[in-house]
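Chains B and Y, in that order, are what the protein sequence lines are. The opening residue of the first sequence carries number 3 in my numbering; numbering runs sequentially from there. The opening residue of the second sequence carries number 3 in my numbering; numbering runs sequentially from there. C-beta atoms are modelled at their ideal positions from N, C-alpha and C, and glycine is treated no differently. Just so we're clear, the structure is a prediction, and the values are computed from it rather than from any experiment. Report on the following structure.
Protein chains: 2
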Amino acid sequence: MNVSASNKRKSNILESLTSLYIDTARPVSSSLIKDEFNFSVSSATIRNILVELEEFGYIEQPHTSSGRVPTDKGYRFYIDSLMKRRSLRDEEKKELKLACLSSARKTRDIIDKTSEILAQISNEAAFNFFFNLNDSILKHIELINLSLTRILVVLITDSGIVRNYIVNLDDPISTAELQRISNFLSENLKDTSLVDIKVNLYNLLNEHNLVYLQLAHEACRIFDALETDELFERDYDIHQDGINNIMRQPEFCNLEYLRGVLDVLESKERLAEVLRASFEPDFNKVKVTIGKENSYKDLQSCSLVTAGYKIKDKTVGMFGLLGPTRMAYSRLLPLVEYMAEMMTEALTDFTKNESER
Amino acid sequence: MNVSASNKRKSNILESLTSLYIDTARPVSSSLIKDEFNFSVSSATIRNILVELEEFGYIEQPHTSSGRVPTDKGYRFYIDSLMKRRSLRDEEKKELKLACLSSARKTRDIIDKTSEILAQISNEAAFNFFFNLNDSILKHIELINLSLTRILVVLITDSGIVRNYIVNLDDPISTAELQRISNFLSENLKDTSLVDIKVNLYNLLNEHNLVYLQLAHEACRIFDALETDELFERDYDIHQDGINNIMRQPEFCNLEYLRGVLDVLESKERLAEVLRASFEPDFNKVKVTIGKENSYKDLQSCSLVTAGYKIKDKTVGMFGLLGPTRMAYSRLLPLVEYMAEMMTEALTDFTKNESER
DNA sequence: TATTAGCACTCTTACCTAAAGAGTGCTAAT
DNA sequence: ATTAGCACTCTTTAGGTAAGAGTGCTAATA
Numbered sequence: 003m004n005v006s007a008s009n010k011r012k013s014n015i016l017e018s019l020t021s022l023y024i025d026t027a028r029p030v031s032s033s034l035i036k037d038e039f040n041f042s043v044s045s046a047t048i049r050n051i052l053v054e055l056e057e058f059g060y061i062e063q064p065h066t067s068s069g070r071v072p073t074d075k076g077y078r079f080y081i082d083s084l085m086k087r088r089s090l091r092d093e094e095k096k097e098l099k100l101a102c103l104s105s106a107r108k109t110r111d112i113i114d115k116t117s118e119i120l121a122q123i124s125n126e127a128a129f130n131f132f133f134n135l136n137d138s139i140l141k142h143i144e145l146i147n148l149s150l151t152r153i154l155v156v157l158i159t160d161s162g163i164v165r166n167y168i169v170n171l172d173d174p175i176s177t178a179e180l181q182r183i184s185n186f187l188s189e190n191l192k193d194t195s196l197v198d199i200k201v202n203l204y205n206l207l208n209e210h211n212l213v214y215l216q217l218a219h220e221a222c223r224i225f226d227a228l229e230t231d232e233l234f235e236r237d238y239d240i241h242q243d244g245i246n247n248i249m250r251q252p253e254f255c256n257l258e259y260l261r262g263v264l265d266v267l268e269s270k271e272r273l274a275e276v277l278r279a280s281f282e283p284d285f286n287k288v289k290v291t292i293g294k295e296n297s298y299k300d301l302q303s304c305s306l307v308t309a310g311y312k313i314k315d316k317t318v319g320m321f322g323l324l325g326p327t328r329m330a331y332s333r334l335l336p337l338v339e340y341m342a343e344m345m346t347e348a349l350t351d352f353t354k355n356e357s358e359r
Numbered sequence: 003m004n005v006s007a008s009n010k011r012k013s014n015i016l017e018s019l020t021s022l023y024i025d026t027a028r029p030v031s032s033s034l035i036k037d038e039f040n041f042s043v044s045s046a047t048i049r050n051i052l053v054e055l056e057e058f059g060y061i062e063q064p065h066t067s068s069g070r071v072p073t074d075k076g077y078r079f080y081i082d083s084l085m086k087r088r089s090l091r092d093e094e095k096k097e098l099k100l101a102c103l104s105s106a107r108k109t110r111d112i113i114d115k116t117s118e119i120l121a122q123i124s125n126e127a128a129f130n131f132f133f134n135l136n137d138s139i140l141k142h143i144e145l146i147n148l149s150l151t152r153i154l155v156v157l158i159t160d161s162g163i164v165r166n167y168i169v170n171l172d173d174p175i176s177t178a179e180l181q182r183i184s185n186f187l188s189e190n191l192k193d194t195s196l197v198d199i200k201v202n203l204y205n206l207l208n209e210h211n212l213v214y215l216q217l218a219h220e221a222c223r224i225f226d227a228l229e230t231d232e233l234f235e236r237d238y239d240i241h242q243d244g245i246n247n248i249m250r251q252p253e254f255c256n257l258e259y260l261r262g263v264l265d266v267l268e269s270k271e272r273l274a275e276v277l278r279a280s281f282e283p284d285f286n287k288v289k290v291t292i293g294k295e296n297s298y299k300d301l302q303s304c305s306l307v308t309a310g311y312k313i314k315d316k317t318v319g320m321f322g323l324l325g326p327t328r329m330a331y332s333r334l335l336p337l338v339e340y341m342a343e344m345m346t347e348a349l350t351d352f353t354k355n356e357s358e359r
């Protein structure tokens, strides 16, 4: 048998073994591979090949005389080169869109709903991480007085995200003055990046004439009270769902494993940290982080499937799945990928009219 | 021995047994009770009393020839009549306040932080359920145009809660007109209950003269697009934390139990339903729902400790713990009670200046 | 009458062993 | 290069036993 045909057969067997293991969750024996895929060779031949695959590090045996299981390296090769993606049919896409978007009234609804639905149909844990607003551009600012010393600050960004913050001032401010400050800020800070707001305000203080100086000074009072930087830094939405799904997976019947994973999923900070580590600036495709590829200890028997989504060409969040390394990649990768596209489309659409302003 | 002395001894033994079981998580034997509490009677006497307590249904044996365990009825009696509350020291209260409130900038922060902290120091699962706004009174309304057909509606209620909704209109509306509608609504709908907004709007349509009619009509367009009722109905905040805590409890090493509990904790709808069932209009004290007292099947080996909190004398949410019926009630009841008071104080304080408006 | 020492009895838990079964690696034949 | 055959390994399951904890009951006692 020539080399390429032999390699082809090796690949076939690795693919068969991997998908069998993904389906059954039990170490795969040579005879099972033969039976399930009607290979025209004996189980002994398959065993010989399995030994080779094992030497290359693609598979391993939990113990001598058990069947084989893919290693992280095996899964990596399976995902990158072997598996056949099971794309979604058009009607599935339609249903998905309907389920995720029909009841969505604000950005937040989309964030929450998509991860809920993804958890449900993937049977894994799902998350959705909407980044903080640091590089967002201010489009509109509104100040509303709740009382003489309490002000509601409403910020609206270029991507149509709305945030509001309550500010308590030491000294009172009149409604009329507040209105003037509001107009002043909207005029002068429009198209500023949120992180730069304060710097720009101080610049205004220096540039403008006395009438405005007073206004800018008042505005500074407000933004000082807001402690902008710290606030925006932590101001991300992260949503997670499907813990009970992964509990059902046989690998997490071991409570120790489960505990480690829950520790991550339950803590927004930790989850954000893990996801940031897997972020890539150019996030056009779905990305898989398998087992030990993840530097976070508690997740080293898990895989992470992530995809970025955008608003108007800017990646604003990431979205995906957490589950055991034994995950139905061929079905779930296209799913996550499509849903990310769907989010991009929906969010961009949701905010597309902003430019008309 | 006279009757009251005999009852006193029975009570003491039930209390001892219950607190021993809470501490150790293992069925309590007659000799352990004797040893731990230096009762001046023999274990045989204690056994006789245990038989009586069992006949009354306060305790039971997991199997013949094991120690005893409190029943739901036993816990109920323990909580209502026997246990000594371990109140918080002043410095503990101070620390707690600092931890929960120091970084709080909006209502939402308080909701999230308190349940996080409660989970942490109780070692149980904690939740915080902030009711929807149906009976809130509108104090201020602001309309901000994001584009010609997209409007941001900001509602501010009497309790200082802020909510915003984006509305898409079919036909455009000018900024000037929007401003007039905004003023019109603020004037005419102020002090209206949120659920009544739409009804009141239609009344305005009939009452006012032509100039206003046009305005009110436009406003109706906006509120129709908002689908007020449905939206407010579901618009509650619910926050939950500490799943990994209850996982550590020995009663939840049984994955079946854990799964049932997680199903409730993970679903906001289900959790809200369970909590609503335990709600009491007059929520001045902390309330405990023990085991089968809860009609929700999956939680019948759990206890729920809840307390309501208020803004200006109106209960706006409830807050508390979920854990196994074997829970450290004597420590946790005062804790939940105090934290609820703390929230009432903080939220009322947070919004107290509203009246100055 | 209330209490208690003593003891037989029950049930759980841990541990051991044996048998069954699954799957392999190796060898020798094709 | 392939494969039939078989010995070997390791896991899993079941059963059986011994130890231990705790009880209920009985009869003796204060």
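Cutoff 9 Å: Y167/Y Cβ touching any chain B Cβ: Translated into the one-based positions of the second sequence, residue 167/Y becomes position 165. By this cut-off, Y167/Y is an interface position.
task: Going by CA-CA distance only, name the one from P336/B, T346/B, M344/B, E347/B that's closest to S89/B.
output: Here residue 89/B corresponds to residue number 87 of the first sequence, with the count starting at 1. Nearest option by C-alpha distance: P336/B.
query: Going along chain B in order, which residues have a C-beta closer than 8 Å to the C-beta of H142/Y?
result: On the second sequence, position 140 is the one that residue 142/Y refers to. Simply I146, L148.
message: Please report the distance separating the alpha-carbon of K316/B from that of K96/B.
response: Locating residue 316/B in the first sequence gives position 314, where the first residue counts as 1. Locating residue 96/B in the first sequence gives position 94, where the first residue counts as 1. Distance between the alpha carbons of K316/B and K96/B: 25 Å.
message: Less than 7 Å between C-beta atoms, sequence neighbours within five positions excluded: which residues of the same chain meet that for M249/B?
response: Counting from 1 along the first sequence, the entry for residue 249/B is found at position 247. Same-chain partners within the cutoff: L260.
- prompt: To the nearest angstrom, how far is it from the Cα of R278/Y to the Cα of E118/Y?
  reply: Here residue 278/Y corresponds to residue number 276 of the second sequence, with the count starting at 1. Here residue 118/Y corresponds to residue number 116 of the second sequence, with the count starting at 1. The alpha-carbon atoms of R278/Y and E118/Y are separated by roughly 21 Å.
query: Is there at least one Cβ from chain Y nearer than 9 Å to D239/B's Cβ?
result: Counting from 1 along the first sequence, the entry for residue 239/B is found at position 237. No - not a single Cβ of chain Y is within 9 Å of the one on D239/B.
query: Would DSSP call A1/Y helix, strand or coil?
result: What the structure shows of chain Y is the stretch from 3 to 359, and residue 1/Y is not part of that stretch, so it cannot be assessed.
- request: Say whether chain B places a C-beta atom closer than 9 Å to the C-beta of E268/Y.
  value: Here residue 268/Y corresponds to residue number 266 of the second sequence, with the count starting at 1. For E268/Y, the answer is yes, since a Cβ of chain B falls inside 9 Å of its Cβ.
task: Over the uninterrupted alpha helix (DSSP H) stretch that includes T177/Y, give me the two end residues.
output: The sequence position of residue 177/Y within the second sequence is 175, counting from 1. Here the alpha helix (DSSP H) through T177/Y covers 177-191.
field: For Y340/Y, the three-state DSSP class (helix, strand or coil)
entry: Within the second sequence, the letter at position 338 stands for residue 340/Y. In this structure, Y340/Y counts as helix in the three-state DSSP scheme.
task: For S184/B, count neighbouring C-beta atoms within 10 Å of its own C-beta (all shown protein chains included) and say buried if the count is 16 or more, exposed if not.
output: Along the first sequence, one-based indexing puts residue 184/B at 182. Flag for S184/B reads buried.
task: Quick one: grab the DSSP three-state call for F285/B.
output: The residue given as residue 285/B occupies position 283 in the first sequence. In the structure shown, F285/B sits in coil (DSSP, three-state: anything other than H, G, I, E or B).
message: I'd like to know whether the C-beta of L196/Y is nearer than 9 Å to at least one C-beta of chain B.
response: Taking the second sequence and counting its residues from 1, one reaches residue 196/Y at position 194. With 9 Å as the cut-off, L196/Y does not count as an interface residue toward chain B.
task: Hey, could you find the ends of the alpha helix (DSSP H) D239/B is sitting in?
output: One-based indexing of the first sequence puts residue 239/B at position 237. Where D239/B is concerned, there is no enclosing alpha helix (DSSP H), although the beta strand (DSSP E) it sits in stretches over 239-243.
- prompt: Touch check for the stretch 62-73 of chain Y and the stretch 304-320 of chain Y: three-plus C-beta pairs under 8 Å?
  reply: no
field: Backbone CA spacing between T350/B and D198/B [nearest angstrom]
entry: Taking the first sequence and counting its residues from 1, the one referred to as residue 350/B is at position 348. Taking the first sequence and counting its residues from 1, the one referred to as residue 198/B is at position 196. Answer to the nearest angstrom: the Cα atoms are 24 Å apart.
task: List the endpoints of the continuous beta strand (DSSP E) containing A46/Y.
output: Sequence index remark: in the second sequence, residue 46/Y carries index 44 (1-based). Here A46/Y belongs to no beta strand (DSSP E); instead the alpha helix (DSSP H) covers 45-57.
message: Is there a C-beta anywhere in chain Y that falls below 9 Å from the one on V156/B?
response: Against the first sequence, residue 156/B aligns to sequence position 154. Yes, its Cβ sits closer than 9 Å to a Cβ of chain Y.
message: Here's the rule I'm using: 16 or more other beta-carbon atoms within 10 Å means buried, otherwise exposed. How should P64/Y be labelled?
response: Along the second sequence, read from residue 1 onward, the residue named residue 64/Y stands at position 62. Exposed, by the Cβ-count rule.
Separation of K108/Y from T327/Y, as counted between CA atoms: Counting from one through the second sequence, the residue named residue 327/Y turns up at place 325. Counting from one through the second sequence, the residue named residue 108/Y turns up at place 106. Cα to Cα, T327/Y sits roughly 34 Å from K108/Y.
message: Strictly below 8 Å CB to CB, what residues from chain Y border M249/B?
response: Stepping through the first sequence from its first residue, residue 249/B is reached at position 247. Neighbours of M249/B on chain Y, chain order: L257, L260, R261, L264.
- prompt: Regarding L34/B and the ligand FAD, is the C-beta to nearest heavy atom distance less than 8 Å?
  reply: Among the components of this structure there are no ligands whatsoever, and the ligand FAD is therefore not found.
- prompt: Mind checking whether V155/Y and V164/Y have CB atoms under 9 Å apart?
  reply: On the second sequence, position 153 is the one that residue 155/Y refers to. On the second sequence, position 162 is the one that residue 164/Y refers to. No. Outside cutoff.
- prompt: Straight-line CA distance for S149/Y to G322/B?
  reply: Locating residue 149/Y in the second sequence gives position 147, where the first residue counts as 1. Locating residue 322/B in the first sequence gives position 320, where the first residue counts as 1. Whole-angstrom Cα-Cα distance: 32 Å.
- prompt: If you follow the beta strand (DSSP E) that Y167/B is part of, which residue opens it and which one closes it?
  reply: In the first sequence, residue 167/B corresponds to position 165, counting from 1. Y167/B -> beta strand (DSSP E) spans 164-170.
- prompt: If you drop the 5 nearest sequence neighbours on each side, which residues of the same chain put their C-beta closer than 6 Å to that of H241/B?
  reply: As a first step, residue 241/B must be located in the first sequence, where it is residue number 239. The answer, listed in chain order, is I113, D114, S117, N130.
- prompt: Should D243/Y be flagged as near chain B, meaning a C-beta pair shorter than 9 Å?
  reply: Within the second sequence, numbered from 1, the residue matching residue 243/Y stands at position 241. Yes, D243/Y lies at the interface with chain B (some Cβ there is under 9 Å from its Cβ).
Proximity below 9 Å, CB of D2/Y to CB of R110/Y: Summary: the structure shown does not reach residue 2/Y, with chain Y confined to residues 3 through 359, and so no result is reported for it.
- request: Can you grab the Cα-Cα spacing for the pair M344/Y / N9/Y, in whole Å?
  value: In the second sequence, counting from the first residue as 1, residue 344/Y sits at position 342. In the second sequence, counting from the first residue as 1, residue 9/Y sits at position 7. Whole-angstrom Cα-Cα distance: 38 Å.
message: Give me the chain Y residues within the contact set of V318/B, using Cβ-Cβ distance strictly less than 7 Å, ordered along the chain.
response: Position 316 of the first sequence holds residue 318/B. Correct list: empty, because the minimum Cβ distance to chain Y is about 17 Å.
query: Would you say N246/B reaches chain Y, if we count a Cβ-Cβ gap shorter than 9 Å as a contact?
result: For the purposes of this step, residue 246/B is identified with residue 244 of the first sequence, where counting begins at 1. By this cut-off, N246/B is an interface position.
- prompt: Tell me which same chain residues have a C-beta within less than 8 Å of the C-beta of R28/B, skipping the five on either side of it?
  reply: Along the first sequence, one-based indexing puts residue 28/B at 26. Excluding positions up to five away in sequence, the list reads G69.
message: At the level of alpha carbons, what is the spacing between T346/B and R182/Y?
response: Here residue 346/B refers to the residue found at position 344 of the first sequence. Here residue 182/Y refers to the residue found at position 180 of the second sequence. Rounded to the nearest angstrom, the two C-alpha atoms are 35 Å apart.
query: Along chain Y, which residues have their Cβ under 7 Å away from the Cβ of V276/B?
result: Along the first sequence, one-based indexing puts residue 276/B at 274. What V276/B touches in chain Y: nothing, since even the nearest Cβ is about 16 Å away.
- request: Go through its chain and collect everything with a Cβ distance to Y298/B's Cβ below 6 Å, but skip five positions before and after it.
  value: Position 296 of the first sequence, counting from 1, holds the residue named residue 298/B. Correct list, in chain order: V276.
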